[in-house]
Amino acid sequence: MKATRALLELLKEYSVTHVFGLVGETTLPLYDEWVDFESVKNVMCRDERNAVFMADGYARACFKPGVCEAPGPGASYTLPGLTEAYASKIPLVIFTSDISHSQEKRNMLTEYEKELMFRGVTKESITIHDAKELPRLVRRAFRLATTGVPGPVHVRIPMDVWSGDVEEKEVYAQRLFVAYPAVRFSCSEELIAQALKLLSDAQNPVIICGQGVILSQAWEEVLTLAESLAIPVATTITGKGAFPEHHPLSLGVVGNRGGTTFSNNFLEEADVVFYIGSNIDFSVSNDWTLPQIENKKLIQLNVSEADLGNTYRCDVALLGDAKAILQKMISMVKHKSERLDSLTKRLNSLRSSYLEHLDSLVERDTRFVDPYLFVKALEKANEKQWIIVADPGIGAIYTSAYYRTRSAGRKFIYNYSVGGLGFAVPAAIGAHFGTRQRVIALTTDGSLGFNVGEWETIARTQADVKVVVFNNGAFGWIRATQLELYGKRFFNTDFSKVDYVKVAEGFGLAAERLSATENLEERVKEFLNADTACVLEIPCLPEDKLLPPVPKWRDAAQKYGIRHYE
Numbered sequence: 001m002k003a004t005r006a007l008l009e010l011l012k013e014y015s016v017t018h019v020f021g022l023v024g025e026t027t028l029p030l031y032d033e034w035v036d037f038e039s040v041k042n043v044m045c046r047d048e049r050n051a052v053f054m055a056d057g058y059a060r061a062c063f064k065p066g067v068c069e070a071p072g073p074g075a076s077y078t079l080p081g082l083t084e085a086y087a088s089k090i091p092l093v094i095f096t097s098d099i100s101h102s103q104e105k106r107n108m109l110t111e112y113e114k115e116l117m118f119r120g121v122t123k124e125s126i127t128i129h130d131a132k133e134l135p136r137l138v139r140r141a142f143r144l145a146t147t148g149v150p151g152p153v154h155v156r157i158p159m160d161v162w163s164g165d166v167e168e169k170e171v172y173a174q175r176l177f178v179a180y181p182a183v184r185f186s187c188s189e190e191l192i193a194q195a196l197k198l199l200s201d202a203q204n205p206v207i208i209c210g211q212g213v214i215l216s217q218a219w220e221e222v223l224t225l226a227e228s229l230a231i232p233v234a235t236t237i238t239g240k241g242a243f244p245e246h247h248p249l250s251l252g253v254v255g256n257r258g259g260t261t262f263s264n265n266f267l268e269e270a271d272v273v274f275y276i277g278s279n280i281d282f283s284v285s286n287d288w289t290l291p292q293i294e295n296k297k298l299i300q301l302n303v304s305e306a307d308l309g310n311t312y313r314c315d316v317a318l319l320g321d322a323k324a325i326l327q328k329m330i331s332m333v334k335h336k337s338e339r340l341d342s343l344t345k346r347l348n349s350l351r352s353s354y355l356e357h358l359d360s361l362v363e364r365d366t367r368f369v370d371p372y373l374f375v376k377a378l379e380k381a382n383e384k385q386w387i388i389v390a391d392p393g394i395g396a397i398y399t400s401a402y403y404r405t406r407s408a409g410r411k412f413i414y415n416y417s418v419g420g421l422g423f424a425v426p427a428a429i430g431a432h433f434g435t436r437q438r439v440i441a442l443t444t445d446g447s448l449g450f451n452v453g454e455w456e457t458i459a460r461t462q463a464d465v466k467v468v469v470f471n472n473g474a475f476g477w478i479r480a481t482q483l484e485l486y487g488k489r490f491f492n493t494d495f496s497k498v499d500y501v502k503v504a505e506g507f508g509l510a511a512e513r514l515s516a517t518e519n520l521e522e523r524v525k526e527f528l529n530a531d532t533a534c535v536l537e538i539p540c541l542p543e544d545k546l547l548p549p550v551p552k553w554r555d556a557a558q559k560y561g562i563r564h565y566e
C-alpha cells in the first residue's frame, strides 16, 4: 500500500470525517489518491490559517481531534491558528507536505526549516523520513493530541515519502485516542476531601468554570456539585456553557471579558473560590485583581500541572481531569446544603435588580443597532441552541455578558486564549462539519478582513453557517483602548465604507442589512431560520462611542460622558 493511501485509511480508522486544507505541489500525490477515497472528505479553504481555525472549530464542537493539512509554502501561514489551538489546549493533527529529501539544502523553492518552526506552538513536531514509519508516527500524533493536556501535533511529510510502501498490517488506529479526553485521571481522595471541607465550611463559596470543564464534558458534574453544596457558579468567557445560565445559581461570566457588575461584585464577596478547568488568566481575573485574594481560600482543579498555582496561590491543588475528579468529589459529599432556597432567593433578587438596571441603559437609535438588543433578540430566536462562534470584539463581549444559555454544553466557541481576529467564520465552518448542524458566526468588519475569502467556501460547500457582521467601520476595540489610555487621540483605526451585502452576494450568498428601526426579534428569527446560508450586516457604533462591559473602560466612559454597559 502506498503511503498516500495508508494515510487516508488511517484517518478513516481514527473516525476523521473531514480534513481542512489547501492543495499545493508537494501535496499533489495525496490529492490524487483522494480523488477515489470518499470516506474522508476534503474541505478546501482559501488560506491555510483558516484551515487550522476550521479544524479547531471542528474539534471543539464534536470532541474529536481536528485534522488539517498545508503544502510547503503554506506551512508558515498555519501558525496563527496553531498558536490559538495550543494556548486553548485544543487537540489537532496538522500535516504539512514538503520538498523531497534529495532536494534539501539546494535552495529549492519553498525550502525552509519547518520542524523547528512548529515546536513552539505544538506538543510535538514530527518528520516522517520513511514511508514505513508513517502508521506508527500518525498513531503517535493522535495519542499525543488527545491525552494529558490536549493540544496540536505537527507531522511533516517530505514529498518522496508519498510514493513509499507501507505494510497493510500496520495501517490501524489505536481506538482509545479517537476522541478526547482519551484518558481521564484523578488525584488522591485526601486532596479531594480537603477541597470538600473548604467548600462545606465556607459562608460564601463560588465556583468558576473555565474551558477545561467544556473540554472534559464535565458540565453535569458541575451542576450536581453546585446544587448539592448550594454554590453559585460563574464561568470564564471560554468556559461559557459549562453551566446553564437560566439556572438560579448561575452568575454568568466573570472577569474583564464578559464579566458584569452583577457577577464580578458577587465574586468579590466570596470567601472560598473553586476554579475548575481555568488557568486563572488575565481575562477571568481582570488583570489579577479579581477577586482580591488576601482573605480568601482558593481551590484549583486543572489537567495541567503548569497551571496549578501559577498565577494565584491555591490552598488545595487538584491535578487531573475535571469530570473524573468531580465524580469522586460528588460521591464523597455526605450532607447536602440546607441553604439552597435562601441563596437562590437572594440571587434572584440581585439578578432582577441588575437586569432592570441594564434595561435602563438602553437608548433607541434610528441609525445604529444596539448590540445588547441584538444579543437578546438572538437569544430568544435561537430556540434550537445552535452553536455560536464569536470573534473578539462586539460579538464576543456582548454574548458572553448578556446571552443566557438555556442548557449546558458546547454552546459557544470563543478564541480568547490568544484572541486573534478572523477566527469566527472559519471555525464556524469547521463546527458545522463536526456536528452537521447549523452554526452561527458573529464577526466584525475588522475580523472579516482576515477571512472574507471563506465566504466562497461556505457557498461552495453549502455549509450551514449564518454569518452576522457587526459593522462599525473601525478596529473598535483599539479605538476604545486608545480612548482609555490617550483620550480622544485616535490613530489608524478607521476603515473606508464597505457594502458587505454586495460583497456577500458576490460570493454567492444571500445577504441583507438590518435596520435599527425594524422589529429586531422578528428579523433575527427570520434570519436564523432561513433555509440557506446567509449574511446579516448590522450597522453599529464603534466601542469608543458605546462601551461594552469592560471594567477598565468604565472610568473613560464616565470621564467623557459616553454611554456604556456594565
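Number 566 marks the last residue of the sequence shown (UniProt numbering); no jumps.
Glycine is no exception: its CB is placed at the ideal position from the N, C-alpha and C atoms.
These numbers come from a predicted model, not from an experiment.
Nearest-angstrom Cα separation, counted from residue j out to residue i
i	j	result
T399	I413	11 Å
Q292	V40	51 Å
A556	E363	19 Å
R436	Y86	25 Å
E189	K197	12 Å
V149	N286	25 Å
V550	G259	7 Å
D445	L215	30 Å
W34	L249	51 Å
residue 598	P244	Beyond the ends of the chain as shown, which are 1 and 566, falls residue 598; an answer cannot be given.
S352	S200	28 Å
K345	F266	14 Å
I128	V155	7 Å
E484	W553	6 Å
A424	G430	10 Å
G12	P29	According to the sequence displayed, residue 12 carries Lys and not Gly. Going from the Cα of K12 to the Cα of P29 covers about 18 Å.
First and last residue of the uninterrupted beta strand (DSSP E) at residue i
i	result
I397	Where I397 is concerned, there is no enclosing beta strand (DSSP E), although the alpha helix (DSSP H) it sits in stretches over I394 to Y402.
D98	L92 to D98
R406	Element bounds for R406: n/a, residue is neither H nor E.
V389	I387 to A390
A70	G66 to A70
S263	It is not in any beta strand (DSSP E) - S263 instead sits in the alpha helix (DSSP H) that spans T261 to E268.
I413	F412 to Y414
I126	E124 to T127
7 Å CB neighbourhood of residue i in its chain, flanking five on each side removed
i	result
R49	Y77, T78, P80 and G81
F185	G320, D321 and A324
C62	G434 and T435
E168	M1
Nearest-angstrom Cβ-Cβ length linking residue i and residue j, presumed shorter than 8 Å
i	j	result
A55	A70	Incorrect: roughly 11 Å between the Cβ atoms, too far for contact.
V138	L8	Not really, about 11 Å apart at Cβ, beyond 8 Å.
F374	L520	6 Å
T443	G395	7 Å
Paired residues, beta bridge with residue i - DSSP
i	result
Q300	Y275 and A317
L536	V468 and E512
K42	Reading the sequence as shown, one finds Asn at residue 42 and not Lys. Per DSSP, V19.
E111	DSSP lists no partner for E111.
S186	DSSP, once it has assigned bridges, lists no residue as partnering S186.
K376	According to DSSP, K376 bridges with nothing at all.
D494	A474
P152	L92
V233	I207 and S250
I157	S97
Cβ-based neighbour list, residue i, same chain, cut-off 6 Å, excluding 5 preceding and 5 following
i	result
D307	N279
F274	I207 and I299
S447	D391, L421 and G422
L546	R563
F177	F142, R143 and T146
G164	A3 and A131
L343	A230
D281	none
Residue range of the alpha helix (DSSP H) that includes residue i
i	result
I330	A322 to S331
I429	A424 to T435
V52	E48 to C62
G164	Where G164 is concerned, there is no enclosing alpha helix (DSSP H), given that its DSSP letter is neither H nor E.
L442	Counting along the chain, L442 falls outside any alpha helix (DSSP H), though it belongs to the beta strand (DSSP E) covering V439 to T444.
H357	L340 to S360
E543	Element bounds for E543: n/a, residue is neither H nor E.
P135	L134 to T146
K2	Looking at the DSSP string, K2 is not in any alpha helix (DSSP H), and its letter there is neither H nor E.
P29	L28 to W34
Any non-hydrogen atom of the ligand ADP within 7 Å of residue i CB
i	result
E363	Ligands displayed in this structure: none; no statement on the ligand ADP is therefore possible.
Nonlocal neighbours in the same chain, by C-beta distance under 8 Å from residue i, ignoring five residues either side
i	result
N264	V254, G255, N286, L290 and P551
Closer than 8 Å to chain B by CB, residue i
i	result
I458	In the structure shown, chain B cannot be found, because there is only a single protein chain.
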